[in-house]
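J.: Residue numbers (numbering that gives the first Met the number 0): 0 to 593. Heads up, the beta-carbon is just placed ideally off N, CA and C, and yes, glycines get one too. Got a structure here, written out as structure tokens. Questions coming.
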Amino acid sequence: MRLIGRIFLYLLAGLGTLTVVTLVTLVVIVFQMGEREPLPDKIVLLVDLARGVSESRTSDLSFGLASKEGPSLRHVVDTILRGAEDDRVKGLVLDIGGARISVAHVQALRRAVLSFRKAGKPTFAFAENLGGLGNGTLAYYLASAAEKVSMQPSGTVGLIGLAVEAPFFSDALDKFDIARRVQQRHEYKTAGEMFVRRGFSDQARHSLTKLINSWMEDITAAVAAARKLTGEQVRKLTDKGPLLAKEALAQGLIDSLHYRDEFEQYVEANVGGFVKIVSLDLYNRFKSPPPEDAKAVALIEGIGAIIPGRGKHSLLDRNRKFHADNVAEAIRSAAKDPSIAGIILRIDSPGGSYGASDTVWRAVHVAREAGKPVIASLGPTAASGGYFVAMGADKIIAESGTITGSIGVLTLKFTTKELWRKLGVDWDKVASNPRATLPSQVEDYPQGGAQRMSVILDAIYADFSGKVAKARNLTAQQIDAVGRGRIWSGKHALSAGLIDKVGGINTAIGEMRNLLELSPEIPIRLVDLPGPTKFEQVLTALQRQGIDVMELLDWLVTARMTTFEKTFVALSKQADVFLPPVGILQMPTWRIAD
0 MRLIGRIFLY LLAGLGTLTV VTLVTLVVIV FQMGEREPLP DKIVLLVDLA
50 RGVSESRTSD LSFGLASKEG PSLRHVVDTI LRGAEDDRVK GLVLDIGGAR
100 ISVAHVQALR RAVLSFRKAG KPTFAFAENL GGLGNGTLAY YLASAAEKVS
150 MQPSGTVGLI GLAVEAPFFS DALDKFDIAR RVQQRHEYKT AGEMFVRRGF
200 SDQARHSLTK LINSWMEDIT AAVAAARKLT GEQVRKLTDK GPLLAKEALA
250 QGLIDSLHYR DEFEQYVEAN VGGFVKIVSL DLYNRFKSPP PEDAKAVALI
300 EGIGAIIPGR GKHSLLDRNR KFHADNVAEA IRSAAKDPSI AGIILRIDSP
350 GGSYGASDTV WRAVHVAREA GKPVIASLGP TAASGGYFVA MGADKIIAES
400 GTITGSIGVL TLKFTTKELW RKLGVDWDKV ASNPRATLPS QVEDYPQGGA
450 QRMSVILDAI YADFSGKVAK ARNLTAQQID AVGRGRIWSG KHALSAGLID
500 KVGGINTAIG EMRNLLELSP EIPIRLVDLP GPTKFEQVLT ALQRQGIDVM
550 ELLDWLVTAR MTTFEKTFVA LSKQADVFLP PVGILQMPTW RIAD
């Protein structure tokens with residue numbers, strides 16, 4: 000009863016939008032719940048990927064609400080691996096939805112599915128469509144990890160390759176008489192080109208071509224191995240796509256054509272009779288706590304554009320920010336805590352502020368000096384400032400498809416004086432010193448200002464590249480070959496000496512075990528820092544009681560949204576590609592075309 004009282008107290012404090020009807024319904028649900036029925040002895044795990052996966056642990060509580068994020072990657076991977084060792088679990092179903100999933104996340108999910116298969120258990124993938132008339136390359140890449148791939152007869156397999164696209168605003172800004180100055184270190188640091196060019200520079204095109212070719216090499220090799228085809232056969236099929244379901248079946252890309260109700264019968268027939276298909280959330284309600292002798296390792300997330308200072312992440316936020324002081328404080332806290340044996344820093348960031356990145360770098364350095372090993376685990380993106388915060392770790396782990404590197408710096412200045420004059424607005428100024436107008440977005444640099452910025456950029460690049468050289472034991476010549484703003488896939492970053500191993504969170508845990516010299520029988524327990532808020536604790540408690548809080552909270556938000564607001568949220572998911580860099584250590588902005 001006290002737990003229920005606390006739950007509703009926190010809900011009232013944290014969700015002022017809860018209606019009386021919802022509260023009454025929630026009370027009835029909680030009071031009517033008895034003992035949970037145990038799981039049957041024969042189940043099949045269902046991995047529902049309709050919303051994709053997310054980096055953040057808070058997505059397990061909210062599904063991102065407004066952004067419709069799926070559960071966290073760690074939650075999905077850990078549950079699949081646990082199911083592989085559970086005798087009750089007889090199989091695994093991937094329900095491939097239409098959500099975007101990054102290359103790195105697909106690779107992590109595939110590795111988990113393949114581990115499940117090694118346990119001798121059948122795996123299935125189902126999709127009504129794999130891309131439709133759009134690009135289903137990554138969706139099929141994921142589906143191909145399953146032993147059996149089924150599709151609705153009316154579907155298509157959009158295995159057509161990958162492309163990236165980006166907008167360029169030079170002509171538009173010229174029409175409004177908005178002048179721009181971009182300074183970059185060096186020629187591959189191309190994040191500002193969208194404002195001064197009409198298309199990719201040769202350097203940007205070279206980097207992006209190398210990146211997507213690296214991804215396609217991984218995809219082609221994996222699909223060929225999974226479907227018992229040659230790489231050349233996969234490339235030819237890719238050039239012919241999209242394929243109708245019947246064509247994909249004839250070419251060996253899928254195994255059967257089924258509607259959803261038929262597919263469920265198909266699964267039962269292949270696992271030896273009737274089974275209960277169980278969601279990951281339901282399965283996790285019966286998860287045992289880690290053993291008491293488990294070694295505690297802090298897991299600290301750094302997600303989003305890196306900005307200075309502190310901040311709070313709301314479950315309703317779509318754009319999460321990497322608040323440097325929050326992350327640095329969590330690292331320092333873990334370093335001082337005698338119960339924490341090591342730190343895993345999980346990064347998914349395109350970069351951002353130089354000073355903020357350096358703040359986190361320093362915290363990593365201090366933690367290592369205190370004797371706490373630090374491993375950086377790179378998610379879909381850890382570039383520029385995202386790599387800056389990782390480079391000081393004992394070990395750096397990345398997926399083959401991670402976007403990383405971008406060791407460089409840039410500044411971007413807009414001058415809008417002529418635009419204002421066209422609008423009939425004149426600006427004037429009073430300044431105490433000649434350089435006081437340096438950051439103005441109305442006037443150009445004062446005399447000597449551009450040269451001063453150039454000196455500062457040189458110093459920042461020297462600091463960045465020098466720290467990389469020291470941390471990664473690279474010569475000046477080697478740094479010049481891997482730096483200058485170049486972006487790398489994780490696979491190529493390994494060859495370049497920028498990372499230590501290809502893999503995901505579990506690979507990082509294995510490396511931590513080696514650094515701590517732990518025997519295989521000693522378990523490791525991940526401790527999220529900062530810890531969950533009171534509101535998140537409430538949501539977790541409700542989930543453990545079997546309440547679908549994701550649907551409840553989703554309703555509370557979307558039921559009150561107008562059609563315009565819902566449309567705006569949907570369109571805003573595509574808007575990031577139009578935004579300028581948030582700091583001088585940031586990679587270029589573009590998106591995978593679909």
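Do you know how far the Cα of Arg-309 is from the Cα of Lys-296?
T.: Checking the sequence shown, residue 296 turns out to be Val, not Lys. Each residue's Cα considered, the two are about 23 angstroms apart.
J.: How would you label Lys-412, buried or exposed, when you count the other beta carbons within 10 angstroms and need 16 or more for buried?
T.: buried
J.: What's the C-alpha gap between Leu-210 and Ala-389?
T.: 20 angstroms
J.: Which word fits Trp-360, buried or exposed, when buried means at least 16 other C-beta atoms lie within 10 angstroms of its C-beta?
T.: buried
J.: Here's the rule I'm using: 16 or more other beta-carbon atoms within 10 Å means buried, otherwise exposed. How should Ile-42 be labelled?
T.: buried
J.: When DSSP builds the beta bridges, which residues end up paired with His-322?
T.: Ile-306
J.: CB-CB under 6 angstroms to Val-102, same chain, minus the five flanking residues each way: which ones, in chain order?
T.: If we look at Val-102 and ignore the five residues flanking it on each side, its Cβ neighbours are Trp-214 and Gly-400.
J.: Relative to the C-alpha of Ser-255, which candidate in Glu-146, His-185, Lys-227 and Asp-336 has its C-alpha closest?
T.: Glu-146
J.: According to DSSP, which residues form a beta bridge with Lys-412?
T.: Arg-180
J.: Alpha carbon to alpha carbon, how far is Arg-284 from Val-27? Give it in angstroms, no decimals.
T.: A caution first: Val-27 carries a pLDDT of 45, below 50, which makes its placement in the model unreliable, though a value can still be read off. Roughly 20 angstroms separates the two Cα atoms.
J.: Going by DSSP, what residue range makes up the beta strand (DSSP E) through Ile-211?
T.: Element bounds for Ile-211: not the beta strand (DSSP E) but the alpha helix (DSSP H), 201-226.
J.: Who does Arg-345 pair with in a DSSP beta bridge?
T.: Glu-300 and Ser-376
J.: Which residues share a DSSP beta bridge with Met-150?
T.: Ala-126 and Leu-256
J.: What separation, rounded to the nearest whole angstrom, lies between the Cα atoms of Ile-583 and Ala-190?
T.: About 9 angstroms.
J.: Please check the pair Asp-393 and Pro-372, which I expect to be a contact at CB under 8 angstroms, by giving their CB distance rounded to whole angstroms.
T.: The Cβ separation is near 5 angstroms, so the contact holds.
J.: According to DSSP, what are the bridge partners of Leu-437?
T.: BP columns for Leu-437 are empty, so no partner.
J.: Any contact between the stretch 119-128 and the stretch 255-270? By contact I mean 3 or more CB pairs, one from each, below 8 angstroms.
T.: Taking one beta carbon from each stretch, the stretch 119-128 and the stretch 255-270 have 3 or more pairs nearer than 8 angstroms; the two touch.
J.: Measuring alpha carbon to alpha carbon, tell me which residue in Leu-38, Gln-182, Thr-136 and Glu-84 is nearest Tyr-460.
T.: Gln-182
J.: Considering only C-alpha positions, which residue in the set Arg-345, Gly-351, Val-363 and Ile-342 is nearest to Ala-327?
T.: Val-363
J.: Tell whether a beta-carbon distance below 9 angstroms holds between Leu-48 and Ala-118.
T.: no
J.: For Pro-337, does the count of other Cβ atoms within 10 angstroms reach 16, so buried, or fall short, so exposed?
T.: exposed
J.: Do you know whose CA, among Asp-527, Gly-271, Glu-520 and Ile-342, lies nearest Ala-369's CA?
T.: Ile-342
J.: May I ask you to list the residues that DSSP assigns as paired with Leu-528?
T.: Looking at the DSSP assignment, Leu-528 forms a beta bridge with Ile-299.
J.: Cutting at 8 angstroms between CB atoms, please list the residues of its own chain near Ile-374, excluding the five before and the five after it.
T.: Gly-341, Ile-342, Ile-343, Leu-344, Ala-392, Asp-393, Lys-394, Ile-395, Ile-396, Ala-507, Glu-510, Met-511 and Leu-514
J.: If I follow the unbroken alpha helix (DSSP H) through Asp-457, where does it start and stop?
T.: 448-471
J.: Are Pro-438 and Ala-293 touching if we call contact CB-CB under 9 angstroms?
T.: no
J.: Taking 9 angstroms as the cut-off, decide whether the C-beta atoms of Ile-79 and Leu-141 are in contact.
T.: no
J.: Measuring CB atoms only, is the stretch 198-212 touching the stretch 233-240, in the sense that at least three cross pairs come out at less than 8 angstroms?
T.: no
J.: So, do the stretch 187-205 and the stretch 152-168 have three or more beta carbon pairs nearer to each other than 8 angstroms?
T.: The stretch 187-205 makes contact with the stretch 152-168: 3 or more CB pairs, one atom from each, lie closer than 8 angstroms.
J.: For chain D, check one thing: does any of its Cβ atoms lie closer than 9 angstroms to the Cβ of Met-586?
T.: Given the protein chain composition of this structure (a single chain), no chain D is represented.
J.: Quick check on Asn-472: buried or exposed, where buried means 16 or more other Cβ atoms within 10 Å of its Cβ?
T.: exposed
J.: Leaving aside the five residues before and after Val-270 along the sequence, list all residues of the same chain whose C-beta is less than 7 angstroms from its C-beta, in chain order.
T.: Val-43, Lys-89, Gly-90 and Pro-121
J.: Take Glu-127 and list the residues in its own chain whose beta-carbon comes closer than 7 angstroms to its own, dropping the five residues that flank it on each side.
T.: The residues are Gln-151 and Gly-154.
J.: Gly-509 by DSSP, collapsed to three states: which one?
T.: helix
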